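Visitor:
Residue numbers (our numbering): 583 to 1110.
1) Whole angstroms is fine: what's the gap from residue 937's alpha carbon to residue 1077's?
2) Pick helix, strand or coil for residue 928, following the three-state DSSP scheme.
3) From residue 895 to residue 652, what does the alpha carbon distance come to, in whole angstroms?
4) By the DSSP assignment, the beta strand (DSSP E) with residue 972 in it spans what residues?
5) If we ignore side chains and look at the alpha-carbon of each, how far apart do residue 1005 and residue 804 end up?
6) Short of 8 Å in beta carbon distance, which residues of its chain neighbour residue 649, apart from the five on each side in sequence? Order them along the chain.
7) What does the Cβ neighbour count give for residue 664, buried or exposed, with the cut at 16 atoms within 10 Å?
8) Taking the straight line between their C-alpha atoms, what separation do you get for residue 1017 and residue 1095?
9) Can you grab the Cα-Cα spacing for the pair residue 903 / residue 750, in whole Å?
10) Check residue 611 in the structure and name its three-state DSSP category.
11) For residue 637, tell me which candidate among 658, 871, 768 has the shortest Cα-Cα distance.
12) Specify the secondary structure class of residue 582 as computed by DSSP and reduced to three states.
13) Would you mind working out which of 960, 698, 915, 930 sits nearest residue 1061, comparing C-alpha positions?
14) If I'm right that residue 1043 touches residue 971 with Cβ under 8 Å, what's the distance once you round it to whole angstroms?
15) Measuring only the C-alpha atoms, how far is residue 818 from residue 795?
16) For residue 1081, does the three-state DSSP call read helix, strand or coil?
17) Would you give the residue range spanned by the beta strand (DSSP E) that residue 948 belongs to?
18) Over what stretch of residues does the beta strand (DSSP E) that includes residue 1041 continue unbroken?
19) If we ignore side chains and look at the alpha-carbon of each, how far apart do residue 1090 and residue 765 end up?
20) Kindly indicate the opening and closing residues of the beta strand (DSSP E) around residue 744.
21) Short check: CB of residue 681 to CB of residue 841, under 8 Å?
22) Kindly give me the distance between the Cβ atoms of residue 961 and residue 900, rounded to whole angstroms, as I take these residues to be in contact under 8 Å.
23) Return the chain-ordered ranges of every alpha helix (DSSP H) run that is complete within the region 976 to 1055 and spans a minimum of 4 residues.
24) Buried or exposed: which applies to residue 1033, given that a residue is buried once 16 or more other Cβ atoms fall within 10 Å of its Cβ?
25) Taking residue 707 as the reference, which of 769, 695, 748, 745 has the closest Cα?
26) In the DSSP output, what is residue 721 paired with across the bridge?
27) Less than 8 Å between the C-beta atoms of residue 798 and residue 808, yes or no?
28) What are the boundary residues of the alpha helix (DSSP H) that residue 685 is part of?
29) Going by DSSP, which residues form a beta bridge with residue 1058?
30) Using only CA atoms, which one of 854, 812, 801 lies nearest to residue 786?
31) Quick check for students: name the residue ranges of the alpha helix (DSSP H) that lie wholly in the region 870 to 946, counting only runs of 4 or more.
32) Starting from residue 861, trace the alpha helix (DSSP H) in both directions and tell me its first and last residue.
33) Does the distance from the CB of residue 973 to the CB of residue 1036 come in under 8 Å?
34) Please go through the same chain and pick out, in chain order, the residues whose beta-carbon is closer than 6 Å to the beta-carbon of residue 627, but skip the five residues on each side of it.
35) Can you give me the C-alpha to C-alpha distance between residue 1114 and residue 884, rounded to a whole angstrom?
36) Quick one: what does DSSP say residue 825 is sitting in, helix, strand or coil?
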(Lines of atoms letter the chains of each structure in order from A and count residues from 1; the text may use other names and numbers.)
(Lines give C-alpha, C1' and ligand atoms only; values in the text may rest on other atoms or scores of the structure.)
Protein backbone atom coordinates (compact mmCIF):
# COMPACT_ATOMS: atom_id res chain seq x y z
CA UNK A 1 0.00 0.00 0.00
CA UNK A 2 2.82 2.38 0.96
CA UNK A 3 4.65 1.45 -2.26
CA UNK A 4 1.54 2.31 -4.33
CA UNK A 5 1.14 5.68 -2.57
CA UNK A 6 4.79 6.58 -3.30
CA UNK A 7 4.39 5.65 -6.97
CA UNK A 8 1.22 7.72 -7.17
CA UNK A 9 2.96 10.71 -5.58
CA UNK A 10 5.83 10.39 -8.07
CA UNK A 11 3.36 10.41 -10.99
CA UNK A 12 1.58 13.49 -9.61
CA UNK A 13 4.92 15.21 -9.06
CA UNK A 14 6.01 14.50 -12.62
CA UNK A 15 2.67 15.72 -13.98
CA UNK A 16 2.87 18.95 -11.97
CA UNK A 17 6.43 19.61 -13.18
CA UNK A 18 5.33 19.02 -16.80
CA UNK A 19 2.38 21.37 -16.36
CA UNK A 20 4.64 24.07 -14.90
CA UNK A 21 7.07 23.74 -17.82
CA UNK A 22 4.24 24.00 -20.35
CA UNK A 23 2.71 26.96 -18.56
CA UNK A 24 6.06 28.76 -18.45
CA UNK A 25 6.53 28.23 -22.19
CA UNK A 26 2.99 29.38 -22.82
CA UNK A 27 3.22 32.49 -20.65
CA UNK A 28 6.33 33.62 -22.50
CA UNK A 29 4.25 34.28 -25.59
CA UNK A 30 0.61 33.97 -24.68
CA UNK A 31 -2.63 35.78 -24.18
CA UNK A 32 -4.16 35.30 -20.70
CA UNK A 33 -6.32 32.37 -21.77
CA UNK A 34 -4.35 30.48 -24.39
CA UNK A 35 -0.89 29.75 -25.72
CA UNK A 36 0.35 31.50 -28.84
CA UNK A 37 3.05 30.63 -31.32
CA UNK A 38 5.24 33.64 -32.07
CA UNK A 39 6.56 33.92 -35.63
CA UNK A 40 9.05 36.74 -36.11
CA UNK A 41 9.37 38.26 -39.58
CA UNK A 42 12.51 40.29 -40.26
CA UNK A 43 12.04 42.60 -43.23
CA UNK A 44 14.30 44.50 -45.63
CA UNK A 45 13.63 45.76 -49.15
CA UNK A 46 15.43 47.51 -52.00
CA UNK A 47 18.90 46.48 -50.82
CA UNK A 48 21.42 47.22 -53.56
CA UNK A 49 24.67 47.20 -51.59
CA UNK A 50 25.97 44.71 -49.05
CA UNK A 51 28.39 47.21 -47.50
CA UNK A 52 27.23 50.05 -45.21
CA UNK A 53 25.94 53.19 -46.94
CA UNK A 54 25.82 56.89 -45.99
CA UNK A 55 29.61 56.93 -45.62
CA UNK A 56 29.41 53.84 -43.42
CA UNK A 57 26.88 55.24 -40.97
CA UNK A 58 23.88 53.08 -41.91
CA UNK A 59 23.04 49.69 -43.35
CA UNK A 60 25.37 46.83 -44.15
CA UNK A 61 24.37 43.18 -44.39
CA UNK A 62 27.10 42.13 -41.93
CA UNK A 63 25.22 44.17 -39.31
CA UNK A 64 21.88 42.71 -40.40
CA UNK A 65 23.40 39.26 -39.92
CA UNK A 66 24.36 40.13 -36.35
CA UNK A 67 20.84 41.36 -35.59
CA UNK A 68 19.28 38.28 -37.17
CA UNK A 69 21.38 35.91 -35.07
CA UNK A 70 20.59 37.83 -31.90
CA UNK A 71 16.84 37.76 -32.58
CA UNK A 72 16.98 34.05 -33.43
CA UNK A 73 18.29 33.33 -29.94
CA UNK A 74 15.17 34.71 -28.27
CA UNK A 75 12.65 34.00 -31.06
CA UNK A 76 13.54 30.67 -32.71
CA UNK A 77 10.67 30.87 -35.21
CA UNK A 78 12.22 33.67 -37.27
CA UNK A 79 12.24 34.31 -41.03
CA UNK A 80 14.26 36.93 -42.93
CA UNK A 81 12.35 38.25 -45.96
CA UNK A 82 13.48 40.60 -48.75
CA UNK A 83 10.82 42.44 -50.75
CA UNK A 84 12.64 42.81 -54.05
CA UNK A 85 15.26 44.94 -55.82
CA UNK A 86 18.75 43.71 -55.05
CA UNK A 87 20.33 42.40 -58.28
CA UNK A 88 20.55 45.95 -59.66
CA UNK A 89 21.35 48.80 -59.67
CA UNK A 90 24.56 49.34 -57.74
CA UNK A 91 28.17 50.18 -58.35
CA UNK A 92 29.19 46.55 -57.78
CA UNK A 93 26.48 45.24 -60.10
CA UNK A 94 28.04 47.09 -63.01
CA UNK A 95 30.83 44.50 -62.76
CA UNK A 96 29.20 41.46 -61.17
CA UNK A 97 25.58 41.74 -62.37
CA UNK A 98 24.21 41.01 -58.93
CA UNK A 99 26.28 37.94 -58.12
CA UNK A 100 27.81 39.79 -55.17
CA UNK A 101 24.37 40.32 -53.63
CA UNK A 102 23.42 36.65 -53.97
CA UNK A 103 26.68 35.73 -52.24
CA UNK A 104 25.90 38.20 -49.47
CA UNK A 105 22.32 36.97 -48.94
CA UNK A 106 23.51 33.36 -48.93
CA UNK A 107 26.08 34.27 -46.30
CA UNK A 108 23.64 35.87 -43.86
CA UNK A 109 20.84 33.32 -44.29
CA UNK A 110 18.06 35.04 -46.21
CA UNK A 111 14.96 32.81 -46.24
CA UNK A 112 12.67 34.22 -48.96
CA UNK A 113 12.66 37.00 -51.56
CA UNK A 114 10.39 38.23 -54.30
CA UNK A 115 11.47 39.86 -57.54
CA UNK A 116 11.65 43.63 -57.76
CA UNK A 117 11.54 45.44 -61.09
CA UNK A 118 15.32 45.87 -61.06
CA UNK A 119 15.93 42.14 -60.83
CA UNK A 120 15.36 42.16 -64.61
CA UNK A 121 17.79 44.99 -65.48
CA UNK A 122 20.37 42.60 -66.97
CA UNK A 123 17.76 40.54 -68.81
CA UNK A 124 16.01 37.26 -68.01
CA UNK A 125 19.00 34.99 -68.63
CA UNK A 126 21.15 36.71 -66.01
CA UNK A 127 18.32 36.62 -63.50
CA UNK A 128 17.78 32.92 -64.06
CA UNK A 129 21.47 32.38 -63.29
CA UNK A 130 21.17 34.44 -60.10
CA UNK A 131 18.15 32.34 -59.05
CA UNK A 132 20.19 29.15 -59.53
CA UNK A 133 22.97 30.57 -57.33
CA UNK A 134 20.55 31.41 -54.50
CA UNK A 135 20.44 29.24 -51.38
CA UNK A 136 17.18 30.97 -50.46
CA UNK A 137 13.83 30.71 -52.22
CA UNK A 138 12.44 33.27 -54.66
CA UNK A 139 8.63 33.57 -54.63
CA UNK A 140 6.95 35.06 -57.71
CA UNK A 141 3.33 34.14 -58.27
CA UNK A 142 2.55 36.66 -61.00
CA UNK A 143 5.78 36.47 -63.04
CA UNK A 144 5.33 33.88 -65.78
CA UNK A 145 7.17 32.44 -68.75
CA UNK A 146 4.90 32.96 -71.75
CA UNK A 147 6.30 29.93 -73.56
CA UNK A 148 5.77 27.41 -70.77
CA UNK A 149 2.94 29.12 -68.90
CA UNK A 150 4.81 28.40 -65.67
CA UNK A 151 6.33 30.82 -63.19
CA UNK A 152 9.55 32.47 -64.36
CA UNK A 153 12.70 30.45 -63.62
CA UNK A 154 10.43 27.77 -62.12
CA UNK A 155 10.14 29.76 -58.92
CA UNK A 156 7.48 28.75 -56.44
CA UNK A 157 4.36 30.96 -56.39
CA UNK A 158 3.98 30.29 -52.65
CA UNK A 159 5.27 28.21 -49.76
CA UNK A 160 3.65 26.93 -46.57
CA UNK A 161 5.69 26.69 -43.39
CA UNK A 162 4.66 25.12 -40.09
CA UNK A 163 5.82 26.49 -36.74
CA UNK A 164 4.82 24.50 -33.64
CA UNK A 165 1.62 23.45 -35.38
CA UNK A 166 0.80 26.88 -36.85
CA UNK A 167 0.76 26.91 -40.66
CA UNK A 168 1.75 30.10 -42.49
CA UNK A 169 1.62 30.68 -46.25
CA UNK A 170 3.79 33.22 -48.08
CA UNK A 171 3.43 34.23 -51.73
CA UNK A 172 5.35 36.72 -53.90
CA UNK A 173 4.04 39.48 -56.19
CA UNK A 174 6.02 41.78 -58.50
CA UNK A 175 5.19 45.19 -60.01
CA UNK A 176 3.42 44.71 -63.38
CA UNK A 177 5.03 47.83 -64.86
CA UNK A 178 8.37 45.98 -64.71
CA UNK A 179 7.73 45.13 -68.36
CA UNK A 180 8.21 48.85 -69.15
CA UNK A 181 10.73 49.94 -66.51
CA UNK A 182 13.24 47.11 -66.86
CA UNK A 183 14.42 44.53 -69.42
CA UNK A 184 12.51 41.28 -68.82
CA UNK A 185 12.39 40.46 -72.53
CA UNK A 186 9.40 39.52 -74.69
CA UNK A 187 8.80 36.09 -73.14
CA UNK A 188 8.20 37.21 -69.53
CA UNK A 189 4.80 38.45 -68.45
CA UNK A 190 3.57 40.07 -65.24
CA UNK A 191 0.02 39.16 -64.31
CA UNK A 192 -2.40 41.42 -62.47
CA UNK A 193 -1.59 41.26 -58.72
CA UNK A 194 -5.23 41.18 -57.58
CA UNK A 195 -6.30 38.54 -60.07
CA UNK A 196 -3.32 36.42 -59.11
CA UNK A 197 -3.93 36.78 -55.38
CA UNK A 198 -7.66 36.06 -55.66
CA UNK A 199 -6.84 32.79 -57.38
CA UNK A 200 -3.88 31.85 -55.17
CA UNK A 201 -4.96 32.67 -51.61
CA UNK A 202 -7.84 30.14 -51.54
CA UNK A 203 -5.35 27.47 -52.68
CA UNK A 204 -2.97 28.43 -49.88
CA UNK A 205 -5.72 28.29 -47.28
CA UNK A 206 -7.04 25.00 -48.69
CA UNK A 207 -3.62 23.51 -47.97
CA UNK A 208 -3.97 24.37 -44.30
CA UNK A 209 -2.44 27.85 -43.97
CA UNK A 210 -4.51 29.99 -41.60
CA UNK A 211 -2.13 32.95 -41.81
CA UNK A 212 -1.26 34.28 -45.29
CA UNK A 213 1.55 36.77 -45.96
CA UNK A 214 2.03 38.62 -49.25
CA UNK A 215 5.69 39.42 -50.02
CA UNK A 216 5.38 42.21 -52.56
CA UNK A 217 7.27 44.69 -54.67
CA UNK A 218 4.46 47.10 -55.49
CA UNK A 219 3.56 50.73 -54.95
CA UNK A 220 1.63 51.47 -51.75
CA UNK A 221 -1.47 52.09 -53.85
CA UNK A 222 -1.18 48.64 -55.39
CA UNK A 223 -0.45 47.04 -52.01
CA UNK A 224 -3.69 48.53 -50.67
CA UNK A 225 -5.62 47.22 -53.66
CA UNK A 226 -4.13 43.79 -53.03
CA UNK A 227 -5.10 43.91 -49.36
CA UNK A 228 -8.68 44.81 -50.25
CA UNK A 229 -9.13 42.26 -53.04
CA UNK A 230 -7.58 39.19 -51.40
CA UNK A 231 -7.85 37.56 -47.98
CA UNK A 232 -4.31 38.27 -46.77
CA UNK A 233 -3.26 38.87 -43.17
CA UNK A 234 -0.03 40.83 -43.73
CA UNK A 235 1.82 42.55 -46.56
CA UNK A 236 5.62 42.81 -46.44
CA UNK A 237 6.33 45.37 -49.18
CA UNK A 238 9.02 47.40 -50.88
CA UNK A 239 9.65 49.68 -53.88
CA UNK A 240 9.09 53.16 -52.40
CA UNK A 241 12.39 53.57 -50.47
CA UNK A 242 10.26 55.26 -47.80
CA UNK A 243 9.56 54.06 -44.26
CA UNK A 244 5.81 53.41 -44.39
CA UNK A 245 3.08 51.69 -42.43
CA UNK A 246 -0.51 51.47 -43.57
CA UNK A 247 -3.52 49.16 -43.55
CA UNK A 248 -6.22 48.09 -46.00
CA UNK A 249 -8.81 45.36 -45.72
CA UNK A 250 -7.65 43.67 -42.54
CA UNK A 251 -3.97 43.55 -43.54
CA UNK A 252 -1.20 45.79 -42.15
CA UNK A 253 1.34 46.89 -44.77
CA UNK A 254 4.97 47.52 -43.82
CA UNK A 255 7.86 48.96 -45.85
CA UNK A 256 11.42 49.89 -44.92
CA UNK A 257 13.52 52.49 -46.78
CA UNK A 258 16.47 51.05 -48.75
CA UNK A 259 19.92 49.49 -48.42
CA UNK A 260 19.09 47.93 -45.03
CA UNK A 261 19.26 51.25 -43.20
CA UNK A 262 16.77 49.65 -40.83
CA UNK A 263 15.47 46.17 -40.14
CA UNK A 264 11.75 45.71 -39.72
CA UNK A 265 10.67 43.26 -37.02
CA UNK A 266 7.08 41.96 -37.13
CA UNK A 267 6.01 39.49 -34.43
CA UNK A 268 2.95 37.45 -35.38
CA UNK A 269 1.17 35.93 -32.39
CA UNK A 270 -0.73 32.90 -33.69
CA UNK A 271 -3.18 30.91 -31.57
CA UNK A 272 -2.13 27.30 -31.00
CA UNK A 273 -5.79 26.45 -30.45
CA UNK A 274 -7.34 27.95 -33.59
CA UNK A 275 -4.29 28.67 -35.78
CA UNK A 276 -5.56 32.20 -36.28
CA UNK A 277 -3.51 35.38 -36.10
CA UNK A 278 -4.33 36.95 -32.73
CA UNK A 279 -2.12 40.06 -32.80
CA UNK A 280 0.87 41.73 -34.43
CA UNK A 281 3.71 43.67 -32.81
CA UNK A 282 6.00 45.78 -34.99
CA UNK A 283 9.10 47.88 -34.57
CA UNK A 284 11.90 49.36 -36.64
CA UNK A 285 15.46 48.47 -35.66
CA UNK A 286 18.05 51.04 -36.86
CA UNK A 287 21.05 49.42 -38.55
CA UNK A 288 23.91 51.69 -37.50
CA UNK A 289 27.58 51.56 -36.59
CA UNK A 290 26.57 50.61 -33.06
CA UNK A 291 25.73 47.13 -34.39
CA UNK A 292 28.82 44.95 -34.66
CA UNK A 293 29.47 43.30 -38.00
CA UNK A 294 29.15 39.52 -38.10
CA UNK A 295 32.72 38.09 -38.48
CA UNK A 296 31.26 35.42 -40.78
CA UNK A 297 30.66 38.12 -43.38
CA UNK A 298 34.39 38.81 -43.74
CA UNK A 299 34.61 36.26 -46.56
CA UNK A 300 32.34 38.48 -48.70
CA UNK A 301 34.57 41.50 -48.08
CA UNK A 302 37.61 39.43 -49.02
CA UNK A 303 36.03 38.18 -52.24
CA UNK A 304 35.03 41.65 -53.46
CA UNK A 305 37.72 43.71 -51.70
CA UNK A 306 39.61 44.65 -54.87
CA UNK A 307 36.63 46.41 -56.38
CA UNK A 308 35.73 48.08 -53.09
CA UNK A 309 39.22 49.59 -52.90
CA UNK A 310 39.09 50.81 -56.49
CA UNK A 311 35.81 52.60 -55.83
CA UNK A 312 37.48 54.80 -53.20
CA UNK A 313 39.45 56.64 -55.92
CA UNK A 314 38.95 60.42 -55.57
CA UNK A 315 37.16 62.23 -58.42
CA UNK A 316 36.64 65.73 -57.04
CA UNK A 317 35.06 67.70 -54.22
CA UNK A 318 31.69 69.21 -53.38
CA UNK A 319 31.25 72.31 -51.26
CA UNK A 320 27.54 71.61 -50.77
CA UNK A 321 25.45 68.63 -49.77
CA UNK A 322 24.22 66.78 -52.86
CA UNK A 323 20.58 65.72 -52.78
CA UNK A 324 20.52 62.30 -54.46
CA UNK A 325 17.55 60.98 -52.47
CA UNK A 326 15.12 58.94 -54.55
CA UNK A 327 12.05 60.73 -53.21
CA UNK A 328 13.49 64.12 -54.18
CA UNK A 329 14.75 63.07 -57.63
CA UNK A 330 11.32 61.64 -58.44
CA UNK A 331 9.23 64.60 -57.31
CA UNK A 332 11.03 67.93 -57.71
CA UNK A 333 14.04 69.81 -58.99
CA UNK A 334 17.26 68.91 -57.16
CA UNK A 335 20.81 70.21 -57.28
CA UNK A 336 22.04 66.80 -58.46
CA UNK A 337 19.33 66.63 -61.13
CA UNK A 338 20.25 70.09 -62.41
CA UNK A 339 23.96 69.30 -62.46
CA UNK A 340 23.49 66.04 -64.37
CA UNK A 341 21.03 67.52 -66.88
CA UNK A 342 23.36 70.47 -67.53
CA UNK A 343 26.27 68.05 -68.05
CA UNK A 344 24.28 65.92 -70.51
CA UNK A 345 23.28 68.96 -72.55
CA UNK A 346 26.84 70.25 -72.70
CA UNK A 347 28.33 66.83 -73.51
CA UNK A 348 26.41 66.45 -76.79
CA UNK A 349 25.75 70.13 -77.57
CA UNK A 350 21.96 70.06 -77.39
CA UNK A 351 19.40 72.83 -76.89
CA UNK A 352 17.78 71.06 -73.94
CA UNK A 353 18.14 67.85 -71.97
CA UNK A 354 15.69 65.63 -70.13
CA UNK A 355 16.11 62.42 -68.16
CA UNK A 356 13.99 60.37 -65.79
CA UNK A 357 14.61 61.16 -62.12
CA UNK A 358 14.41 57.45 -61.30
CA UNK A 359 17.81 56.93 -62.92
CA UNK A 360 19.44 58.73 -59.96
CA UNK A 361 20.04 55.79 -57.65
CA UNK A 362 22.25 56.81 -54.72
CA UNK A 363 19.19 57.44 -52.52
CA UNK A 364 21.23 59.47 -50.07
CA UNK A 365 22.35 62.95 -49.15
CA UNK A 366 26.00 63.05 -50.14
CA UNK A 367 27.86 65.15 -47.59
CA UNK A 368 30.23 68.01 -48.36
CA UNK A 369 33.73 66.74 -49.00
CA UNK A 370 35.65 64.61 -51.45
CA UNK A 371 33.72 62.71 -54.10
CA UNK A 372 34.85 59.22 -55.07
CA UNK A 373 34.29 56.95 -58.01
CA UNK A 374 31.77 55.12 -55.82
CA UNK A 375 29.79 58.35 -55.32
CA UNK A 376 29.59 58.96 -59.07
CA UNK A 377 28.61 55.41 -59.94
CA UNK A 378 26.13 55.19 -57.08
CA UNK A 379 24.32 58.20 -58.57
CA UNK A 380 24.32 56.82 -62.14
CA UNK A 381 24.97 53.06 -62.09
CA UNK A 382 23.11 51.98 -65.24
CA UNK A 383 25.79 52.79 -67.84
CA UNK A 384 23.26 54.36 -70.21
CA UNK A 385 24.62 56.25 -73.19
CA UNK A 386 23.48 59.81 -73.76
CA UNK A 387 22.26 60.61 -77.26
CA UNK A 388 21.22 63.71 -79.18
CA UNK A 389 17.80 63.78 -80.86
CA UNK A 390 15.93 66.21 -83.04
CA UNK A 391 12.35 66.60 -81.77
CA UNK A 392 9.47 69.00 -82.14
CA UNK A 393 8.29 71.29 -79.40
CA UNK A 394 5.10 69.22 -79.28
CA UNK A 395 7.16 66.10 -78.52
CA UNK A 396 8.99 67.92 -75.74
CA UNK A 397 5.68 69.05 -74.26
CA UNK A 398 4.36 65.47 -74.46
CA UNK A 399 7.49 64.23 -72.66
CA UNK A 400 7.03 66.74 -69.84
CA UNK A 401 3.33 65.86 -69.52
CA UNK A 402 4.24 62.19 -69.33
CA UNK A 403 6.93 62.93 -66.77
CA UNK A 404 4.46 64.50 -64.33
CA UNK A 405 1.49 62.26 -65.18
CA UNK A 406 1.93 60.22 -61.99
CA UNK A 407 2.98 63.03 -59.66
CA UNK A 408 -0.35 63.14 -57.81
CA UNK A 409 -1.01 59.40 -57.70
CA UNK A 410 2.49 58.07 -56.97
CA UNK A 411 4.82 59.51 -54.34
CA UNK A 412 7.92 58.49 -56.28
CA UNK A 413 7.29 58.15 -60.03
CA UNK A 414 10.57 57.18 -61.71
CA UNK A 415 9.47 58.98 -64.88
CA UNK A 416 9.61 62.44 -63.21
CA UNK A 417 11.68 64.69 -65.52
CA UNK A 418 14.92 66.41 -64.54
CA UNK A 419 15.75 69.03 -67.19
CA UNK A 420 18.23 71.55 -68.53
CA UNK A 421 17.87 74.38 -71.07
CA UNK A 422 14.18 74.80 -70.32
CA UNK A 423 11.91 75.85 -67.49
CA UNK A 424 8.46 74.47 -66.82
CA UNK A 425 5.60 74.66 -64.35
CA UNK A 426 3.02 72.00 -63.58
CA UNK A 427 -0.07 71.50 -61.47
CA UNK A 428 -0.54 67.87 -60.37
CA UNK A 429 -4.09 68.59 -59.18
CA UNK A 430 -5.16 68.85 -62.82
CA UNK A 431 -5.97 65.82 -64.98
CA UNK A 432 -3.02 63.84 -66.29
CA UNK A 433 -2.16 65.06 -69.79
CA UNK A 434 -2.96 68.68 -68.97
CA UNK A 435 -0.74 69.33 -65.97
CA UNK A 436 2.06 71.31 -67.61
CA UNK A 437 1.01 74.97 -67.40
CA UNK A 438 4.02 76.68 -68.97
CA UNK A 439 7.28 75.81 -70.77
CA UNK A 440 9.96 78.25 -71.84
CA UNK A 441 13.29 77.86 -73.65
CA UNK A 442 15.70 80.79 -73.47
CA UNK A 443 12.91 82.88 -72.02
CA UNK A 444 10.59 82.20 -74.95
CA UNK A 445 7.43 80.03 -74.85
CA UNK A 446 7.91 76.53 -76.22
CA UNK A 447 6.89 76.44 -79.91
CA UNK A 448 5.12 73.16 -80.63
CA UNK A 449 6.06 73.32 -84.33
CA UNK A 450 9.70 74.27 -83.91
CA UNK A 451 12.52 71.68 -83.99
CA UNK A 452 14.81 71.43 -80.97
CA UNK A 453 17.80 69.24 -80.18
CA UNK A 454 17.50 67.09 -77.06
CA UNK A 455 20.07 65.27 -74.94
CA UNK A 456 18.63 62.18 -73.25
CA UNK A 457 19.78 58.73 -72.05
CA UNK A 458 19.09 55.78 -74.32
CA UNK A 459 16.82 54.28 -71.66
CA UNK A 460 14.11 56.79 -72.54
CA UNK A 461 15.23 58.04 -75.97
CA UNK A 462 15.78 54.65 -77.61
CA UNK A 463 14.10 52.06 -75.38
CA UNK A 464 11.05 54.09 -74.37
CA UNK A 465 11.76 53.24 -70.74
CA UNK A 466 9.43 54.56 -68.01
CA UNK A 467 6.81 54.92 -70.74
CA UNK A 468 8.59 57.62 -72.78
CA UNK A 469 7.22 56.31 -76.08
CA UNK A 470 6.95 59.78 -77.69
CA UNK A 471 10.63 59.70 -78.77
CA UNK A 472 10.18 56.63 -80.96
CA UNK A 473 10.92 57.54 -84.57
CA UNK A 474 12.84 60.73 -83.74
CA UNK A 475 16.04 61.38 -85.70
CA UNK A 476 19.27 60.61 -83.85
CA UNK A 477 22.02 63.22 -84.33
CA UNK A 478 24.29 61.30 -81.95
CA UNK A 479 23.65 57.57 -82.38
CA UNK A 480 22.96 55.24 -79.43
CA UNK A 481 26.19 53.28 -79.92
CA UNK A 482 28.27 56.48 -80.15
CA UNK A 483 26.94 58.52 -77.25
CA UNK A 484 29.05 59.02 -74.11
CA UNK A 485 28.17 56.96 -71.01
CA UNK A 486 26.15 58.86 -68.41
CA UNK A 487 28.46 58.22 -65.43
CA UNK A 488 31.51 59.18 -67.55
CA UNK A 489 29.81 62.51 -68.32
CA UNK A 490 29.14 63.11 -64.64
CA UNK A 491 32.65 62.15 -63.62
CA UNK A 492 34.21 64.43 -66.25
CA UNK A 493 31.96 67.34 -65.24
CA UNK A 494 33.09 67.01 -61.62
CA UNK A 495 36.76 66.54 -62.47
CA UNK A 496 36.77 69.52 -64.86
CA UNK A 497 36.15 72.04 -62.08
CA UNK A 498 37.69 70.12 -59.14
CA UNK A 499 35.12 71.58 -56.73
CA UNK A 500 31.38 71.75 -57.41
CA UNK A 501 28.59 73.57 -55.57
CA UNK A 502 25.38 73.05 -57.58
CA UNK A 503 22.25 74.95 -56.59
CA UNK A 504 18.68 74.68 -57.83
CA UNK A 505 17.50 77.67 -59.88
CA UNK A 506 13.72 77.22 -60.07
CA UNK A 507 13.65 75.59 -63.49
CA UNK A 508 10.87 73.24 -62.28
CA UNK A 509 7.92 74.83 -60.48
CA UNK A 510 5.11 72.84 -58.89
CA UNK A 511 1.94 74.90 -58.47
CA UNK A 512 -0.25 72.50 -56.50
CA UNK A 513 0.43 71.32 -52.96
CA UNK A 514 2.54 68.12 -52.97
CA UNK A 515 0.95 65.02 -51.45
CA UNK A 516 3.37 64.94 -48.53
CA UNK A 517 2.19 68.41 -47.47
CA UNK A 518 -1.50 67.55 -47.63
CA UNK A 519 -3.56 66.12 -44.83
CA UNK A 520 -3.10 62.38 -45.11
CA UNK A 521 -6.31 60.58 -45.89
CA UNK A 522 -4.91 57.16 -46.79
CA UNK A 523 -3.84 55.96 -43.33
CA UNK A 524 -0.20 55.92 -44.41
CA UNK A 525 2.16 57.03 -41.69
CA UNK A 526 5.82 57.11 -40.95
CA UNK A 527 6.44 55.41 -37.60
CA UNK A 528 8.18 57.33 -34.90
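Ideal placement from N, C-alpha and C gives every residue a C-beta, glycine not left out. Owing to the predicted nature of the structure, the values given are computational and were not obtained by experimental measurement.
Guide: Taking the geometry as given:
1) When rounded, the distance between both Cα atoms is 22 Å.
2) Residue 928 falls in the helix class under three-state DSSP.
3) One alpha carbon belongs to residue 895, the other to residue 652, and they sit about 36 Å apart.
4) Counting along the chain, the beta strand (DSSP E) containing residue 972 begins and ends at 968 to 974.
5) In this structure, the alpha-carbon of residue 1005 lies about 33 Å from that of residue 804.
6) These residues qualify, in order along the chain: 624, 845, 867, 869, 873.
7) Here residue 664 is buried, its C-beta having at least 16 other C-beta atoms within 10 Å.
8) Each residue's Cα considered, the two are about 13 Å apart.
9) Spanning the two alpha carbons is a distance of roughly 46 Å.
10) For residue 611, the pLDDT reaches just 42, beneath the cut-off of 50, and the residue's location in the model is therefore unreliable, leaving the point undetermined.
11) That would be 871, whose Cα lies nearest to the Cα of residue 637.
12) The structure shown has nothing for residue 582, since the chain only spans 583 to 1110.
13) For residue 1061, the nearest C-alpha among the options comes from 930.
14) Between residue 971 and residue 1043 the Cβ distance is about 6 Å, and since that is below 8 Å, they are a contact.
15) Cα to Cα, the separation comes out at about 7 Å.
16) Residue state, collapsed to three classes: strand.
17) From DSSP, the beta strand (DSSP E) with residue 948 extends over 946 to 948.
18) Run containing residue 1041: none in the beta strand (DSSP E); it sits in the alpha helix (DSSP H), 1040 to 1043.
19) For residue 1090 and residue 765, the gap between their C-alpha atoms comes out near 30 Å.
20) Where residue 744 is concerned, the enclosing beta strand (DSSP E) stretches over 740 to 745.
21) Not a contact, by the Cβ cut-off of 8 Å.
22) By a beta-carbon distance limit of 8 Å, residue 961 does not contact residue 900. Their separation comes to about 12 Å.
23) Positions of the alpha helix (DSSP H) runs, each at least 4 residues long and wholly inside the region 976 to 1055, are given as 1040 to 1043 in order along the chain.
24) Within a 10 Å sphere around the beta-carbon of residue 1033 sit fewer than 16 other beta-carbons, which makes this residue exposed.
25) Relative to residue 707, the option among 769, 695, 748, 745 whose CA is nearest is 769.
26) Beta-bridge partners assigned by DSSP to residue 721: 738.
27) Yes. Within cutoff.
28) For residue 685, the uninterrupted alpha helix (DSSP H) segment begins and ends at 681 to 690.
29) DSSP output for residue 1058 lists 971 as bridge partner(s).
30) Of 854, 812, 801, the smallest CA-CA separation from residue 786 is found for 812.
31) DSSP runs (the alpha helix (DSSP H)) wholly in the region 870 to 946: 880 to 885, 887 to 892, 908 to 911, 917 to 930.
32) Segment 859 to 868 is the beta strand (DSSP E) holding residue 861; no alpha helix (DSSP H) there.
33) Yes.
34) Taken in chain order, the residues that qualify are 665, 820, 838.
35) Given a span of 583 to 1110 for the chain in the structure shown, any question on residue 1114 remains unanswerable.
36) Coil, per DSSP.
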